[in-house]
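Written out below as structure tokens is the structure these notes cover.
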Amino acid sequence: MKNISAVFSEFSILNWHFLLKLASKYLWISCTIPVIVTIVSAYFYLRQHDIYMSQIAFRNVAAFDNSPTQQIATLLGEKTDRISANEIIGMAKSVDFLQRVSEKIVKDPDFASMSFTSIYEANKKNTKQMFSDCLDRDCEIGKVRAIISSFFTIVGDDTVSNRYIATAKTLDEYTTKKIISAISEAFVEYRSETIAHSLSEQRKISEELIKNRRDSLQKLDIMEKNRQLAQAKMQMEGLEKKLSLYQLSLEEKRMEYSQIAISSKLTKKTINKDIDKKLKSDWERFQKLKIKKDLISADLVALEGTSFSESADDKQIVQDLNNNLKKINAEIAELEKSKIAANFETFKADKEKSKDYVEFQGKVLGDQIKELEQNVKDIEGDRNALLSKVKEISSELEEHQPSLEYLKLLEQKMLQLKLVEGTVVSDIVFDNYLLGNKHYKRHKLSATIAFSLFVSIFLVILGILLRYLFDERIVDKEDFKNNFRDIEILGEVPEL
Amino acid sequence: MSLDDGDETLHFKRPSKQAFVRVDGGDCHSTSEVVCRIRNFKHVAKLGESLRKYIEAGDDRVVFSSTGYDDSQKKAVFAIGCYLADVIRDKHILLMTSGKDGEILKFFEASEVSSLDPNDLKPLSKARVYGFGSNLSIMDIDEMLAVGSQRDQVLDEVIAAVKSYDIVLWNTPSINIMRQNLHFFHRLLYSFKIITLIVARNTLTTTDVEDIKEFYESHGISLKGAIFSPLSPENKDKK
Numbered sequence: 001m002k003n004i005s006a007v008f009s010e011f012s013i014l015n016w017h018f019l020l021k022l023a024s025k026y027l028w029i030s031c032t033i034p035v036i037v038t039i040v041s042a043y044f045y046l047r048q049h050d051i052y053m054s055q056i057a058f059r060n061v062a063a064f065d066n067s068p069t070q071q072i073a074t075l076l077g078e079k080t081d082r083i084s085a086n087e088i089i090g091m092a093k094s095v096d097f098l099q100r101v102s103e104k105i106v107k108d109p110d111f112a113s114m115s116f117t118s119i120y121e122a123n124k125k126n127t128k129q130m131f132s133d134c135l136d137r138d139c140e141i142g143k144v145r146a147i148i149s150s151f152f153t154i155v156g157d158d159t160v161s162n163r164y165i166a167t168a169k170t171l172d173e174y175t176t177k178k179i180i181s182a183i184s185e186a187f188v189e190y191r192s193e194t195i196a197h198s199l200s201e202q203r204k205i206s207e208e209l210i211k212n213r214r215d216s217l218q219k220l221d222i223m224e225k226n227r228q229l230a231q232a233k234m235q236m237e238g239l240e241k242k243l244s245l246y247q248l249s250l251e252e253k254r255m256e257y258s259q260i261a262i263s264s265k266l267t268k269k270t271i272n273k274d275i276d277k278k279l280k281s282d283w284e285r286f287q288k289l290k291i292k293k294d295l296i297s298a299d300l301v302a303l304e305g306t307s308f309s310e311s312a313d314d315k316q317i318v319q320d321l322n323n324n325l326k327k328i329n330a331e332i333a334e335l336e337k338s339k340i341a342a343n344f345e346t347f348k349a350d351k352e353k354s355k356d357y358v359e360f361q362g363k364v365l366g367d368q369i370k371e372l373e374q375n376v377k378d379i380e381g382d383r384n385a386l387l388s389k390v391k392e393i394s395s396e397l398e399e400h401q402p403s404l405e406y407l408k409l410l411e412q413k414m415l416q417l418k419l420v421e422g423t424v425v426s427d428i429v430f431d432n433y434l435l436g437n438k439h440y441k442r443h444k445l446s447a448t449i450a451f452s453l454f455v456s457i458f459l460v461i462l463g464i465l466l467r468y469l470f471d472e473r474i475v476d477k478e479d480f481k482n483n484f485r486d487i488e489i490l491g492e493v494p495e496l
Numbered sequence: 497m498s499l500d501d502g503d504e505t506l507h508f509k510r511p512s513k514q515a516f517v518r519v520d521g522g523d524c525h526s527t528s529e530v531v532c533r534i535r536n537f538k539h540v541a542k543l544g545e546s547l548r549k550y551i552e553a554g555d556d557r558v559v560f561s562s563t564g565y566d567d568s569q570k571k572a573v574f575a576i577g578c579y580l581a582d583v584i585r586d587k588h589i590l591l592m593t594s595g596k597d598g599e600i601l602k603f604f605e606a607s608e609v610s611s612l613d614p615n616d617l618k619p620l621s622k623a624r625v626y627g628f629g630s631n632l633s634i635m636d637i638d639e640m641l642a643v644g645s646q647r648d649q650v651l652d653e654v655i656a657a658v659k660s661y662d663i664v665l666w667n668t669p670s671i672n673i674m675r676q677n678l679h680f681f682h683r684l685l686y687s688f689k690i691i692t693l694i695v696a697r698n699t700l701t702t703t704d705v706e707d708i709k710e711f712y713e714s715h716g717i718s719l720k721g722a723i724f725s726p727l728s729p730e731n732k733d734k735k
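Protein chains in written order, with this note's numbering: chain A, 1 to 496; chain B, 497 to 735.
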């Protein structure tokens, strides 16, 4: 066997120049192998069935926080059951999901004409042929469930987050579309039920917890204490209002009493005060002059009204009367200041009259104030007693406050769960159009050509190498040198 | 023209002046008209220089061998011999071959015939040595064996001749013939030092090479170089 090292090159792994030389030497290998490979590739390419592929995209809207359920839950502070990418992809492999999909497919009226032949198989069969040994629908569902997962895949969309693509491939166009339809329906149902179930379970657990908590609190008489506290607080509130009213009334009475006391004091002072004697005598004279003035005025009026003779005596009389009147008027004007004495006297007289009444009023107010003070004192005593009671109950309740808070939270959660449970919507939303719908052969023509080219080159290289290794004839100088490195090549035989 | 053993009146043509013009055109400055007859002189020069290197290093007894590809082998040996005779003029070169057929016949035709020793009446006295120029002689082993009655004597003469020349180039028969007549060639082989292999493309196999190498190495002759022969007409057809 020849030395194989000639085939390899330290620069390009294979010594392509040498291989080309071998290819031209063993021309029949170089030609036959590509022809055979091309014929075989063409046969396999033409023998392939068309593969029908459909794709539909869907999103996990829970991740975007914009599903109705999620929004309501978020509003109420409730967290719903979110699903991760791995769970979505894993869900498609679960038996429960496959069962749903299978049921939907088998229920289809055209189930018998569908094809579940593997895309890798050469002979295409319909379901009637494949499931001929099944006598009932359950058997068919079971068989479909066993094989259906090989006809679809679910993968994450590389370009959009939280978006997934379901792809179905079969040898039949209708079957492919039916699988896509069944997958989308099953997904939505499955998720809705899962979320509803999850919320229902949470509600049940919450109910149980509330019941247990209430029982334990009842045993501790916490509820009764709570009621007592509320009652005491209400009483406190009433007492506070009452006390406030009494205190206000007391203040008013005190102010009133204070005014009466001042009034009484001033009255006494006024009564005990004496008027100036000169002013008093001036006032008496003033009064007399006033009377005199009135009489003279009356006389004058009378004289002027009668047919009084205009005798000198008469005139003199009128003249005298007028002079007297002027004189009296002048004197009255001078004594005008004495009116103060008259007013003071009047005031003093009035005060003397009201003196008893004021004293009586003061006594009444004093009694009222004493009574009000007593009432305020009593109410304050009651309030303090009630406050002590409230403090006592509060301190007792404070010890059990966490339990009460917990119960409150549970009750809130319970309410939220009831609201959310009534609005469950699937968090998986499918597009309402197919992302891709096409048919193709499993091995494309270009791929087949490339593959056959690759295989041809590989087999040609392999063939010529094997032929070369077992061909002991020395081809050329390079071949000789490769096999006998220690023998120098001197040249070529000359032509003579 | 053929050479018969008993033909005393050989009429070899003397090379004319025109023979000194190269076959492929141009002037030939060699003093040997034979060298000028070589078509691809450059190849011969290259071969000769390669071999001269060994000869100057002391390996002046050179065997040329191949497997059944005699014509190429003979052509190579004659061409190299002529070249060496031309470039190493102070040395006497003996070229041993078997037979005069094929293209080398023209060498014999262009040679001057002389006996080994004209005064000697030994059985080999009739054997001829063909001279080319002043320092190249050709000996036909077949012819010597034919004229000699006792092979041992012939062998002694041949060995003596080999020893008397400065440089000896031996165009050997195939190793199968050598093996068959090993009792004759055995002693002669020990007079040589290196072997140059004539490689016929697509004919000689690696096994053949190993076989030849092993055979000659068992006689103390080391394989030093290889000369490639072009494809023979029959091989060209096969390819």
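The C-beta atom is built at its ideal place from N, Cα and C for all residues, glycine as well.
Check: Provide the residue span of the alpha helix (DSSP H) that contains threonine 270 (chain A), from first to last.; Outcome: 222 to 272
Check: Does any residue of chain A bring its CB to less than 7 Å from the CB of glycine 716 (chain B)?; Outcome: no
Check: Which residue from A:Ser403, A:Lys351, A:Thr167 puts its Cα closest to that of asparagine 272 (chain A)?; Outcome: A:Lys351
Check: Kindly indicate if chain B contains any beta-carbon less than 7 Å away from that of lysine 477 (chain A).; Outcome: yes
Check: Can the beta-carbon of threonine 117 (chain A) be found less than 7 Å from the beta-carbon of lysine 124 (chain A)?; Outcome: yes
Check: Under three-state DSSP, which class holds valine 695 (chain B)?; Outcome: strand
Check: Pick from A:Glu251, A:Asn322, A:Arg285: whose alpha carbon is nearest that of alanine 333 (chain A)?; Outcome: A:Arg285
Check: Within 10 Å of its beta-carbon, does cysteine 578 (chain B) have 16 or more other beta-carbons around it, so buried, or fewer, so exposed?; Outcome: buried
Check: Which chain A residues sit within Cβ distance under 8 Å of phenylalanine 724 (chain B)?; Outcome: Asp476, Lys477, Phe480, Ile489, Gly491, Glu492, Val493
Check: Any Cβ of chain A within less than 7 Å of the Cβ of leucine 543 (chain B)?; Outcome: yes
Check: What is the DSSP secondary structure of arginine 646 (chain B), counted as helix, strand or coil?; Outcome: What sits at residue 646 (chain B) in the sequence shown is glutamine, not arginine. If DSSP states are grouped into helix, strand and coil, glutamine 646 (chain B) belongs with coil.
Check: Cα separation between phenylalanine 18 (chain A) and isoleucine 180 (chain A)?; Outcome: 55 Å
Check: In this structure, how does DSSP classify arginine 518 (chain B) when only helix, strand and coil are distinguished?; Outcome: Per-residue confidence for arginine 518 (chain B) stands at a pLDDT of 47, beneath the threshold of 50, marking its modelled position as unreliable; no derived number is given.
Check: Does asparagine 483 (chain A) come within less than 7 Å of chain B when only Cβ atoms are used?; Outcome: yes
Check: Roughly how many whole angstroms lie between the Cα atoms of leucine 289 (chain A) and glutamine 259 (chain A)?; Outcome: 42 Å
Check: Per DSSP, which residues does phenylalanine 628 (chain B) bridge with? Please list them.; Outcome: B:Leu632
Check: At a Cβ threshold of 7 Å, is asparagine 536 (chain B) touching chain A?; Outcome: yes
Check: Taking 6 Å as the cut-off, is the C-beta of methionine 255 (chain A) nearer than that to any heavy atom in the ligand MN?; Outcome: With respect to the ligand MN, the structure shown offers nothing to examine, as it has no ligands at all.
Check: Quick one: measure Cβ to Cβ for histidine 588 (chain B) and glycine 491 (chain A), integer angstroms, because I've assumed they're closer than 8 Å.; Outcome: Going by Cβ atoms, the distance from histidine 588 (chain B) to glycine 491 (chain A) rounds to 24 Å, so no, they are not a contact pair.
Check: Between the alpha carbons of aspartate 704 (chain B) and aspartate 471 (chain A), how many angstroms are there, rounded?; Outcome: 13 Å
Check: Say whether chain B places a C-beta atom closer than 7 Å to the C-beta of arginine 467 (chain A).; Outcome: no
Check: DSSP three-state label for arginine 485 (chain A), please.; Outcome: coil
Check: Could one say the Cβ of leucine 719 (chain B) lies closer than 7 Å to chain A's Cβ atoms, at least one of them?; Outcome: yes
Check: Kindly indicate which three-state DSSP category tyrosine 712 (chain B) falls into: helix, strand or coil?; Outcome: helix
Check: Nearest by alpha-carbon distance to valine 358 (chain A): which of A:Tyr52, A:Lys265, A:Leu387 is it?; Outcome: A:Lys265
Check: Please decide whether asparagine 698 (chain B) counts as near chain A, where near means a Cβ-Cβ distance under 7 Å.; Outcome: yes
Check: If the cut is a Cβ gap below 9 Å, which residues of chain A does leucine 814 (chain B) touch?; Outcome: Since the first residue of chain B shown is 497 and the last is 735, residue 814 (chain B) is not available in this structure.
Check: From isoleucine 36 (chain A) to phenylalanine 8 (chain A), what does the alpha carbon distance come to, in whole angstroms?; Outcome: 27 Å
Check: Any beta-carbon of chain A closer than 7 Å to the one on alanine 575 (chain B)?; Outcome: yes
Check: I want to see whether chain B comes within less than 7 Å of arginine 515 (chain A), judged by CB atoms only; does it?; Outcome: Outside the displayed range of chain A (1 to 496) lies residue 515 (chain A), so it cannot be described from this structure.
Check: To the nearest angstrom, report how far apart proline 619 (chain B) and asparagine 631 (chain B) are at their CA atoms.; Outcome: Below a pLDDT of 50, predicted positions are generally treated as unreliable, and proline 619 (chain B), at 45, falls in that range; the measurement from the model is reported next regardless. Their backbone Cα atoms lie some 25 Å apart in a straight line.
Check: Who pairs with histidine 439 (chain A) in a beta bridge, going by DSSP?; Outcome: A:Tyr52
Check: If isoleucine 217 (chain A) and methionine 223 (chain A) are in contact, beta carbons under 8 Å, what's the gap, nearest whole angstrom?; Outcome: The identity of residue 217 (chain A) in the sequence shown is leucine, whereas the question assumes isoleucine. Leucine 217 (chain A) to methionine 223 (chain A), Cβ: 6 Å. Contact.
Check: If I measure Cβ to Cβ from histidine 400 (chain A) and keep anything under 8 Å in the same chain, skipping five residues before and after, which residues do I get?; Outcome: Leu217, Leu220, Ile222
Check: Among A:Arg254, A:Leu199, A:Ile119, which residue has its Cα nearest to the Cα of glycine 362 (chain A)?; Outcome: A:Arg254
Check: Strictly under 7 Å for the Cβ-Cβ distance: is alanine 572 (chain B) near chain A by that measure?; Outcome: yes
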